[in-house]
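Beneath this line is the structure, given in structure tokens, with notes to follow.
Numbering (the numbering used here), first residue to last: 58 to 94.
Set out below in structure tokens:
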């Protein structure tokens with residue numbers, strides 16, 4: 058990495074079981090901003 062702090066903005070499409078699972082995992086990752094579900 059270049060030393061620049063960057064945040065990856067993500068969205069989850071789908072609200073079923075796997076959508077909730079992926080949203081929970083993404084929300085817990087450092088450097089990831091979950092912006093839409």
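Glycine is no exception: its CB is placed at the ideal position from the N, C-alpha and C atoms. Note that the coordinates shown come from a computational prediction; the quantities given were computed from them, not determined experimentally.
- For residue 69, the number of other beta carbons within 10 angstroms of its own is at least 16, and it is reported as buried.
- CA-to-CA, the gap between residue 93 and residue 87 works out to about 17 Å.
- The DSSP assignment places complete alpha helix (DSSP H) segments of no fewer than 4 residues inside the stretch 62-92 at 74-84, in order along the chain.
- Sequence-distant Cβ neighbours of residue 72 in its own chain, meaning closer than 8 Å and more than five residues away, are 94.
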